[in-house]
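A.B. asks: My questions will all concern the structure given below.
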Amino acid sequence: MIDIQNIRAQFPILNQEVNGKPLIYFDNGASSQKPQAVIDALVNYYSKDHANVHRGVHTLSQRATDKFEAVRKKTQAFVNAAHDHEIIFTRGTTEAINLVASSFKIFMEEGDEVLISAMEHHSNIVPWQMMCEETGAVLKVIPLDEKGQIIMERFDELLTGKTKMVAINHVSNTLGTINPIEEIIYKAHKVAAAVLIDGAQSCPHMKIDVQDLDADFYCFSSHKMYGPTGIGVLYGKEEWLNDMPPYQGGGEMIDTCTFEDTTFNELPFKFEAGTPNIADTIAFGAAIDWMNEIGIENIGAWEHELLEYATEKLSEIEGIRFIGQAEKKASLVSFLVGDIHPYDLGTLLDQLGIAVRTGHHCTQPLMDYYQIPGTVRASFAVYNTKEEIDQFVAAVKRAALMLG
Ligand SMILES: *Cc1c(COP(=O)(O)O)cnc(C)c1O
0 MIDIQNIRAQ FPILNQEVNG KPLIYFDNGA SSQKPQAVID ALVNYYSKDH
50 ANVHRGVHTL SQRATDKFEA VRKKTQAFVN AAHDHEIIFT RGTTEAINLV
100 ASSFKIFMEE GDEVLISAME HHSNIVPWQM MCEETGAVLK VIPLDEKGQI
150 IMERFDELLT GKTKMVAINH VSNTLGTINP IEEIIYKAHK VAAAVLIDGA
200 QSCPHMKIDV QDLDADFYCF SSHKMYGPTG IGVLYGKEEW LNDMPPYQGG
250 GEMIDTCTFE DTTFNELPFK FEAGTPNIAD TIAFGAAIDW MNEIGIENIG
300 AWEHELLEYA TEKLSEIEGI RFIGQAEKKA SLVSFLVGDI HPYDLGTLLD
350 QLGIAVRTGH HCTQPLMDYY QIPGTVRASF AVYNTKEEID QFVAAVKRAA
400 LMLG
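What the sequence shown shows, in numbering that gives the first Met the number 0, is residues 0 to 403, in sequence order.
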């Protein structure tokens, strides 16, 4: 059992009023809040340890390097990667996907295909469109059923010898759907396609084992898992990363450099040009420690309880329509009430101190599919409570009466 009150007490930001009401923060799918341990790690680093990494022989530089590289090992363990040099630090999921879409171009020929699903975040659509534009490859989209699940028969049809890359989110940020990525990866490998998993919404909630999944690439963002903004991870299999050209040029990523010729550094540095985001990486390490201490299974179990509770309570509201009713769902609810515009509902909820996300959630093609302007999304983290959900449901009822 986890002690939610003890967990809440570690998040200074939660202890405040917004518009005269105690803050209820249900926008964790966009970004989660940070525990004191993560805030302390940032302050301590800048107060005691800061210097540039991988360069100096002096003590501070070595200390900063040791702490920075320790996080790579922590991250490796967190997702069970085979090697620490398979962990590339990026600015976030978006940059990780852009890196792969850019560097993977060398394997693409005209007429090759990239397969994505209809529920992807813009950051797992646009980089592939750009890649296809440049290479003459073709982007194909796997459709969804009414509940917001990938139609696997259609996936089977679309997956052919032409498919070179399958890029899918593990968990949808709009629908909450948990996709059957084990099966997708297994089938994709049978036609020798590589698979990139957008794990921005899975890593905060469930244990990820990239070796067990056999994913070729797996991307995630620290700021959605209790860590700082500006730091994220690309896990890539060594074989792929070794064969892919660098994404950016600069310091750190070279081995030797003359005006005539440059040879590239080994992994992971080949893909980390320039001074990295040292402070946020170290604080991300504190976030991983913090999650490990509570236990990712415990986090996921509590959030699942919140999901079931919220779904049941919200169902009582007249005219509610859930967007995303997959059999397997992570801890978020997307919905509409009657004809009320999500923006109006969100604004009223804010006046009651409740933070939810409204709009298209960076999934415009998905909104087009459902023919809706957007949804109201409440997404839960480990520090949320059933009492907060009660207040939220009461507030939605009140707002629906006022706006309906
Ligand atoms: C948030 C999110 C992204 C983008 O992550 P950034 O941290 O903004 O780079 C990509 N995919 C999904 C599913 C997301 O939820």
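Here a beta-carbon is modelled for each residue, glycine too, at the ideal position from N, C-alpha and C. Please read these numbers as outputs of a predicted model, since none were measured by experiment.
Taking the alpha carbon of Gln9 as the point to measure from, which residue in Asn27, Arg376, Gly273 and Ile38 has its own alpha carbon closest?
C.D. replies: When each option's Cα is compared against that of Gln9, the closest is Ile38.
A.B. asks: Phe401 by DSSP, collapsed to three states: which one?
C.D. replies: First, the residue type needs correcting, since residue 401 is Met and not Phe in the sequence shown. It is helical.
A.B. asks: If you draw a straight line from the alpha carbon of Asp288 to that of Tyr246, how long is it in whole angstroms?
C.D. replies: Each residue's Cα considered, the two are about 30 Å apart.
A.B. asks: So the candidates are Leu195, Glu326, Leu335 and Ala286; which of them puts its Cα closest to the Cα of Gly403?
C.D. replies: Ranking Leu195, Glu326, Leu335 and Ala286 by Cα distance to Gly403 puts Leu335 first.
A.B. asks: Is it right to say Thr362 is buried, meaning 16 or more other beta carbons lie within 10 angstroms of its own, or is it exposed?
C.D. replies: Classification of Thr362: buried, given that the 10 Å Cβ count is 16 or more.
A.B. asks: Does the structure place the segment 222 to 230 close enough to the segment 80 to 93 that three or more beta carbon pairs sit under 8 Å?
C.D. replies: The segment 80 to 93, when compared against the segment 222 to 230, does touch it at the 8 Å Cβ threshold.
A.B. asks: Since Cys361 is in the beta strand (DSSP E), which residue starts that stretch and which ends it?
C.D. replies: Run containing Cys361: none; DSSP gives neither H nor E here.
A.B. asks: Kindly indicate the opening and closing residues of the alpha helix (DSSP H) around Cys131.
C.D. replies: Taken as a continuous stretch (DSSP letters only), the alpha helix (DSSP H) holding Cys131 covers Val125 to Thr134.
A.B. asks: Taking a contact to mean a Cβ-Cβ separation below 7 Å, would you say Asp421 touches Lys189 in this structure?
C.D. replies: Shown here, the chain extends from 0 to 403; a query on residue 421 therefore has no answer.
A.B. asks: Unbroken alpha helix (DSSP H) runs of length 4 or more, entirely within the segment 275 to 356: which are they?
C.D. replies: Counting whole runs of 4 or more residues, the segment 275 to 356 contains the alpha helix (DSSP H) stretches 277 to 293, 295 to 313 and 341 to 350.
A.B. asks: Going by beta carbon distance, what residues of the same chain come within less than 6 Å of Ile207, once the five residues before and after it are set aside?
C.D. replies: Excluding positions up to five away in sequence, the list reads Val78.
A.B. asks: Measure the alpha-carbon distance for Pro341 versus Phe270 and round it to whole angstroms.
C.D. replies: Spanning the two alpha carbons is a distance of roughly 41 Å.
A.B. asks: Taking the Cβ atom as the reference point for each residue, do Glu112 and Lys186 lie within a distance shorter than 7 Å?
C.D. replies: Cβ atoms of Glu112 and Lys186: not closer than 7 Å.
A.B. asks: Whole beta strand (DSSP E) runs in the segment 224 to 271 with 3 or more residues, listed along the chain?
C.D. replies: Complete beta strand (DSSP E) runs here, min 3: 231 to 235, 253 to 256 and 261 to 263.
A.B. asks: When the distance is taken between beta carbons, is Val52 closer than 7 Å to Ile253?
C.D. replies: Going by C-beta atoms, Ile253 is not nearer than 7 Å to Val52.
A.B. asks: Pull up the CB-CB distance for Ile23 and Ala354, whole angstroms please, since I reckon it's below 8 Å.
C.D. replies: Going by Cβ atoms, the distance from Ile23 to Ala354 rounds to 7 Å, so yes, they are a contact pair.
A.B. asks: For the alpha helix (DSSP H) holding Ser101, just list the boundary residues, first then last.
C.D. replies: That run of the alpha helix (DSSP H) goes Thr92 to Ser102.
A.B. asks: Report yes if the C-beta of Asp39 is less than 6 Å from at least one heavy atom of ligand 1; otherwise report no.
C.D. replies: For ligand 1, not one heavy atom lies less than 6 Å from the Cβ of Asp39.
A.B. asks: Against chain B, with Cβ distances strictly below 7 Å, would Gln75 count as a contact?
C.D. replies: Absence of chain B from the displayed structure is noted, only one protein chain being present.
A.B. asks: Give the DSSP-derived three-state secondary structure of Met151 in the structure shown.
C.D. replies: If DSSP states are grouped into helix, strand and coil, Met151 belongs with the helices.
A.B. asks: Consult DSSP for Lys161 and reduce its assignment to one of helix, strand or coil.
C.D. replies: DSSP places Lys161 in coil when its eight states are reduced to three.
A.B. asks: Using the rule of at least 16 other Cβ atoms within 10 Å of the residue's Cβ for burial, across every protein chain shown, is Met0 buried or exposed?
C.D. replies: That one is exposed.
A.B. asks: In chain order, what residues place their C-beta within less than 5 Å of a heavy atom belonging to ligand 1?
C.D. replies: Output, sorted by chain position: Gly91, Thr92, Thr93, His120, Ser122, Asn168, Asn172, Asp197, Ala199, Gln200 and Ser220.
A.B. asks: According to the Cβ coordinates, are Gly273 and Gly250 closer than 7 Å?
C.D. replies: A contact, by the Cβ cut-off of 7 Å.
A.B. asks: So Ala282 and Leu13 are supposed to be a Cβ contact under 8 Å. How far apart are they, rounded?
C.D. replies: That belief does not hold up - the Cβ atoms of Ala282 and Leu13 are roughly 18 Å apart, past 8 Å.
A.B. asks: Alpha carbon to alpha carbon, what distance is there between Trp301 and Ala398?
C.D. replies: Each residue's Cα considered, the two are about 28 Å apart.
A.B. asks: Where Phe154 and Ile141 are concerned, what is the direct C-alpha to C-alpha distance, given to the nearest angstrom?
C.D. replies: Cα-Cα distance, rounded: 6 Å.
A.B. asks: Near Ile87, which residues of its chain fall below 6 Å by C-beta distance, leaving aside the five closest residues on each side in sequence?
C.D. replies: Once the five neighbours on either side are set aside, the close Cβ partners of Ile87 are Leu233, Pro267 and Phe270.
A.B. asks: So what does DSSP say about Leu212, is it helix, strand or coil?
C.D. replies: Looking at Leu212 - three-state DSSP - the assignment turns out to be helix.
A.B. asks: Quick one: residues in its chain with C-beta nearer than 7 Å to the C-beta of Leu365, no 5 flanking neighbours on either side, listed in chain order?
C.D. replies: Same-chain partners within the cutoff: Ala117, Met118 and Thr173.
A.B. asks: Since Glu181 is in the alpha helix (DSSP H), which residue starts that stretch and which ends it?
C.D. replies: Start and end: Ile180 to Lys189.
A.B. asks: Rounded to a whole number of angstroms, what is the C-alpha to C-alpha distance between Ala377 and Arg356?
C.D. replies: Roughly 7 Å separates the two Cα atoms.
A.B. asks: Scan the segment 8 to 50 and note each continuous alpha helix (DSSP H) run of 4 residues or more that stays entirely inside, going in chain order.
C.D. replies: Runs of the alpha helix (DSSP H) inside the segment 8 to 50: 35 to 43.
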